[in-house]
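A.B. asks: Heads up: the sequence shown is residues 0 to 453, going by numbering that gives the first Met the number 0.
Structure in structure tokens, see below.
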Amino acid sequence: MANDGLNTRGNWGSKLAFIFAASGSAIGLGSIWRFPIMVGLNGGAVFVFAYLLAVILIGFPLMLTELTIGRHTQKNPVGAFKALRPGTPWKLVGYTGVVTGICILSYYSVIAGWSVGYLYKTLIGAFRGEMTWARSDQIFSSFTSNPLQVLICFLLVIILTTYVISKGVKGGIERWSKILMPMLFILIIIMAIRALTLKGAGPGVSFYLKPDFSKINPKLFFYAVGQAFFSLSLGMGTMITYGSYISKDDNLSSSAGWVCFSTTLVALLAGIIIFPTLFATPGINPQDFQANTGLMFQVFPLIISKLPGGYIFGLLFFILLLVAALTSTISLLEVPTAFLIDEHNWKREKAAAVIGTAAFLLGIPSALSSGASPFLTRIDLMMKMDLVFGNIMLAVGGLFITIFVAYVWGIPQALKEISHGNRSFKIKPLWIFSVKILAPLAIIAILIFTIILA
Ligand code: TRP
Numbered sequence: 000m001a002n003d004g005l006n007t008r009g010n011w012g013s014k015l016a017f018i019f020a021a022s023g024s025a026i027g028l029g030s031i032w033r034f035p036i037m038v039g040l041n042g043g044a045v046f047v048f049a050y051l052l053a054v055i056l057i058g059f060p061l062m063l064t065e066l067t068i069g070r071h072t073q074k075n076p077v078g079a080f081k082a083l084r085p086g087t088p089w090k091l092v093g094y095t096g097v098v099t100g101i102c103i104l105s106y107y108s109v110i111a112g113w114s115v116g117y118l119y120k121t122l123i124g125a126f127r128g129e130m131t132w133a134r135s136d137q138i139f140s141s142f143t144s145n146p147l148q149v150l151i152c153f154l155l156v157i158i159l160t161t162y163v164i165s166k167g168v169k170g171g172i173e174r175w176s177k178i179l180m181p182m183l184f185i186l187i188i189i190m191a192i193r194a195l196t197l198k199g200a201g202p203g204v205s206f207y208l209k210p211d212f213s214k215i216n217p218k219l220f221f222y223a224v225g226q227a228f229f230s231l232s233l234g235m236g237t238m239i240t241y242g243s244y245i246s247k248d249d250n251l252s253s254s255a256g257w258v259c260f261s262t263t264l265v266a267l268l269a270g271i272i273i274f275p276t277l278f279a280t281p282g283i284n285p286q287d288f289q290a291n292t293g294l295m296f297q298v299f300p301l302i303i304s305k306l307p308g309g310y311i312f313g314l315l316f317f318i319l320l321l322v323a324a325l326t327s328t329i330s331l332l333e334v335p336t337a338f339l340i341d342e343h344n345w346k347r348e349k350a351a352a353v354i355g356t357a358a359f360l361l362g363i364p365s366a367l368s369s370g371a372s373p374f375l376t377r378i379d380l381m382m383k384m385d386l387v388f389g390n391i392m393l394a395v396g397g398l399f400i401t402i403f404v405a406y407v408w409g410i411p412q413a414l415k416e417i418s419h420g421n422r423s424f425k426i427k428p429l430w431i432f433s434v435k436i437l438a439p440l441a442i443i444a445i446l447i448f449t450i451i452l453a
């Protein structure tokens with residue numbers, strides 16, 4: 000298989016190459032770090048249920064929509080809207096995506112930096128011996144409240160990301176994901192099995208998988224849709240950009256389906272690791288996992304210490320977690336970079352360096368908001384950034400993208416693009432219903448409810 004990635008602005012080497020690259024963008028801290036936080040914040044299994052609905056009914060159709068715009072126009076999000084409706088304000092949707100991408104990159108890289116810190120800690124044996132909740136919690140908070148450590152790790156992530164992007168998409172995105180993502184997947188499965196066999200795992204499993212429908216409320220759906228968009232890299236044009244490299248022979252809907260499936264699977268498994276482990280660990284109480292940004296970093300060392308060969312296992316896990324995070328930061332940086340290259344004729348190196356620097360400066364306050372600066376910690380700045388950019392702006396972006404395709408560019412045009420490489424588009428009715436009615440209405444309703452209830 001001639002599978003060495005992208006031919007200039009041509010195609011991914013193959014359909015499989017695209018699926019790996021797009022899954023690389025999607026699978027990352029969103030599924031492993033953010034999803035369990037959202038589950039804890041929103042009452043457990045009901046949230047899991049709402050998230051699955053959001054992925055199937057809104058996320059998947061929106062991914063297909065973004066890929067379709069991308070493949071049709073062969074452009075970055077701003078260029079794509081300009082090409083389809085020149086001289087209209089629709090290009091603002093693209094611009095919003097570019098800005099949202101930089102803002103998400105800023106705090107996302109801080110968390111990716113925590114993985115760097117944890118990799119180092121594992122290496123020097125910080126997690127050797129008996130791991131208790133109190134000890135794990137202490138390691139986490141002393142790490143995140145040390146400004147120098149946090150900023151250095153954060154900077155390292157930005158430098159790595161900028162380096163990969165400045166070398167071009169081809170060598171960059173794909174080489175990472177092909178071998179390492181499947182390895183991460185295997186490690187996650189092993190940890191999930193270990194977590195399920197812990198003594199006292201039962202209540203955690205119930206919390207995570209047995210829905211208590213009395214906890215349903217509009218906010219939960221807001222977070223579920225936000226989480227679906229965040230984890231699938233939707234709502235800001237990542238998938239428009241990635242779609243612009245897909246060949247006309249590929250089946251867009253099955254590609255989107257695979258990406259959604261693999262991402263959701265990783266998120267579900269992350270929860271299977273976190274909650275049983277959490278409930279089986281003495282000394283925690285429910286406040287510890289409600290709106291706790293450190294959740295993943297506090298819980299994973301606990302389960303890793305219970306595995307045979309925990310030291311090596313831990314090293315491998317944090318290396319792979321970092322790779323998963325990097326394939327996502329790379330995709331976040333690629334959108335604004337592609338925009339500057341295509342629309343303003345910047346050199347790739349310069350574009351990547353300028354945006355990388357901007358994201359670093361913008362991320363400094365977030366980096367200091369988990370203990371290093373009392374003020375920023377009190378206002379919980381990172382979670383505020385995440386609420387605004389990771390939830391609201393992605394939802395707004397998704398709303399305008401669906402409205403654009405359904406009512407401006409037109410369903411028939413989109414269907415024509417989808418039909419290349421997919422003659423018998425089987426789920427056509429679901430897609431049309433979602434793009435025309437369900438997705439826009441659901442997003443509007445959720446946004447209004449949230450504003451009223453906030
Ligand atoms: N989906 C990635 C994750 O879950 C993060 C990400 C990459 C993203 N590109 C994005 C989120 C675009 C929103 C939009 O880790």
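Note that the Cβ used here is the ideal one computed from N, Cα and C, for glycine as well.
#1: Would you check if the distance between the CB atom of L63 and the CB atom of L251 is smaller than 7 Å?
#2: Just how far apart, CA to CA, sit H343 and Y162?
#3: Say yes only if the C-beta of M295 is nearer than 6 Å to one or more non-hydrogen atoms of the ligand TRP, and no if none qualify.
#4: In this structure, does DSSP put E129 in helix, strand or coil?
#5: I think S24 touches T237, with their Cβ atoms under 8 Å apart; what is that distance to the nearest whole Å?
#6: When burial is assigned at 16 or more other CB atoms within 10 Å of the CB, is N75 buried or exposed?
#7: Can you tell which of S114, F17, D136 and I31 has the C-alpha that lies nearest to the C-alpha of G282?
#8: Does DSSP put Y119 in a helix, in a strand, or in coil?
#9: The ligand TRP and S330: does any heavy atom of the ligand fall closer than 6 Å to the residue's C-beta?
#10: Kindly indicate which three-state DSSP category G27 falls into: helix, strand or coil?
#11: How should G313 be labelled, buried or exposed, when 16 other C-beta atoms within 10 angstroms of its C-beta is the threshold for buried?
#12: Rounded to a whole number of angstroms, what is the C-alpha to C-alpha distance between M37 and K218?
#13: R33 and F229 look like a contact to me (Cβ under 8 Å); what is the Cβ gap, rounded to whole Å?
#14: Short of 7 Å in beta carbon distance, which residues of its chain neighbour G389, apart from the five on each side in sequence? Order them along the chain.
#15: Does the beta-carbon of D248 have 16 or more other beta-carbons within 10 angstroms, so that it is buried, or is it exposed?
#16: Using only the alpha-carbon positions, how far apart do T276 and L118 sit?
#17: I'd like the list of long-range same chain contacts for I187, defined as Cβ closer than 6 Å, with 5 residues on each side in sequence excluded.
#18: Could you tell me the distance, in whole angstroms, from the CA atom of L446 to the CA atom of R127?
#19: Please list the terminal residues of the continuous alpha helix (DSSP H) segment that includes W430.
#20: When you compare the stretch 366-376 with the stretch 143-157, are there three or more beta-carbon pairs, one atom per stretch, that lie closer than 8 Å?
#21: Do you know how far the Cα of F221 is from the Cα of A441?
#22: Quick check: what's the CA-CA separation for S285 versus L40?
#23: Going by the C-beta, is T326 closer than 6 Å to any heavy atom of the ligand TRP?
#24: On a Cα-Cα basis, can you pick out the residue from A352, K81 and F403 that is closest to S159?
#25: Am I right that L155 and V115 are in contact with their C-beta atoms under 8 Å? What's the rounded C-beta distance?
#26: Quick one: Cα of K166 to Cα of G293, how far?
#27: Anyone know if the C-beta pair for P210 and A44 falls short of 7 Å?
C.D. replies: With the given structure in hand:
#1: yes
#2: 21 Å
#3: no
#4: coil
#5: 6 Å
#6: buried
#7: D136
#8: helix
#9: yes
#10: coil
#11: buried
#12: 11 Å
#13: 6 Å
#14: I103, G225 and F229
#15: exposed
#16: 21 Å
#17: L268
#18: 46 Å
#19: K427 to F432
#20: yes
#21: 9 Å
#22: The identity of residue 285 in the sequence shown is Pro, whereas the question assumes Ser. Taking the straight line joining both Cα atoms gives about 10 Å.
#23: no
#24: Ser is not the amino acid found at residue 159; the sequence shown has Leu there. Answer by Cα proximity: A352.
#25: 6 Å
#26: 33 Å
#27: yes
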